[in-house]
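Enquirer: Quick one: the structure is below, questions incoming.
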Amino acid sequence: MSEAPAAPLSASADPGISLLLRPPEPRAGWRLLPARIAALCAVELQKLRHDRTELYTRAVQPALWLLIFGQTFTRIKAIPTHGIPYIDYLAPGIIAQSAMFIAIFYGIQIIWERDAGVLNKLLVTPTPRSALITGKAFAAGVKSVIQAVVVVVIAALLGVALTWNPLKLLGVAAIVVLGSAFFSCLSMTIAGIVLSRDRLMGIGQAITMPLFFGSNALYPVDIMPGWLQTVSRVNPLSFEVDALRGLLLGTPDHLALDFGVLILAAVLGITAASALLGRLAR
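Structural data, given as structure tokens:
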């Protein structure tokens, strides 16, 4: 006598069998963008995992600013800082400067990816261009946070009176990420215009020092000449430094305005860089 045929397996009985019978639905709509941004950000950070020398070499310059410039001007009291030791006043500015220097040359990487054929492969995927730019921008922000930790440690060893309030330190990380996101998008926007690593390197070197010296990173705005005060008040780096000083030192600040300006700058930067990304692939 023949055996009765086995009953078909129920997909609901075993989740593993359910996945074999019916593949999971792909993310769509609002769920797609965060997933792609996170994946692209993770890819960027994997590069740092394989080569950490960039972090070590970039820590040298902020250390020199604090050790030489900061300690010297603290002794001679040449710059009025409203009762704060100059090295304390300088430390948040150096955090912002080191983060900007990491982000401002990020466009070179995207041009290298264009030359290596990686960018064209990314652009033909369903990934939105804004997700690609945002992933790179926030990867630059995470790298800058790691750099900021190095500067904070150096500053603490030099006796700078920084806060260790966890909530304020989270605010510092958020400010550094937003500032770096803007400057990396500025770099990628310039890359979409000039289309050349050599030109981008020249422009990057030409604008980093004016952005740094045209901010409140080294000295208060009220001792600047009138025209430089105007430049400083529209310089995103000044808003970043102002927020960092308020969070780390407890000086008078405008945190809501600083966060608002940096968020707006990052959104505008992502929009501009996304719009110009297609020029790099032509």
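Sequential numbering of the sequence shown, starting at 61, is according to the numbering used here. All residues carry an ideal CB built from backbone N, CA and C; glycine is no exception. Keep in mind it's a predicted model, so treat the numbers as computed, not measured.
Would you say the beta carbon of L182 comes nearer than 7 Å to a heavy atom of the ligand GDP?
Expert: As far as ligands go, the structure on display features none, and thus does not contain the ligand GDP.
Enquirer: Can you tell me where the alpha helix (DSSP H) holding A191 begins and where it ends?
Expert: Run containing A191: R189 to L217, per the alpha helix (DSSP H) assignment.
Enquirer: What's the call for N225, buried or exposed, on a 16-neighbour Cβ count within 10 Å?
Expert: Classification for N225: exposed.
Enquirer: Going by Cα to Cα distance, which pick from A234, K181, A332 and V178 is closest to A156?
Expert: Per the Cα distances, A234.
Enquirer: With a threshold of 16 other CB atoms inside 10 Å of the CB of G177, please say whether the residue is buried or exposed.
Expert: Answer is exposed; the Cβ neighbour count stays below 16.
Enquirer: Locate the alpha helix (DSSP H) running through P270, then write down its first and last residues.
Expert: That run of the alpha helix (DSSP H) goes R257 to F273.
Enquirer: Could you check the C-alpha separation between G231 and V210 for me, to the nearest Å?
Expert: If you take the alpha carbons of G231 and V210, they lie about 17 Å apart.
Enquirer: Short check: CB of V291 to CB of G310, under 8 Å?
Expert: No, the pair does not count as a contact, with Cβ atoms beyond the cut-off.
Enquirer: Span of the alpha helix (DSSP H) holding V236?
Expert: Note, V236: alpha helix (DSSP H), P226 to V254.
Enquirer: Have a look at A341, F242 and A98 and flag the residue whose alpha-carbon is nearest the alpha-carbon of A332.
Expert: Ranking A341, F242 and A98 by Cα distance to A332 puts F242 first.
Enquirer: Report yes if the CB atom of G239 is closer than 8 Å to the CB atom of L322, and no otherwise.
Expert: Contact flag set, yes.
Enquirer: Does the region 141-153 come close enough to the region 275-294 to have 3 or more Cβ pairs within less than 8 Å?
Expert: Segments in contact, yes.
Enquirer: With 8 Å as the threshold, decide whether the Cβ of L278 is near any Cβ in chain D.
Expert: Absent here is chain D; the protein component of the structure consists of one chain.
Enquirer: Between the alpha carbons of S158 and L336, how many angstroms are there, rounded?
Expert: C-alpha separation (whole angstroms): 26 Å.
Enquirer: Is the beta carbon of I171 closer than 8 Å to that of A251?
Expert: Contact flag set, yes.
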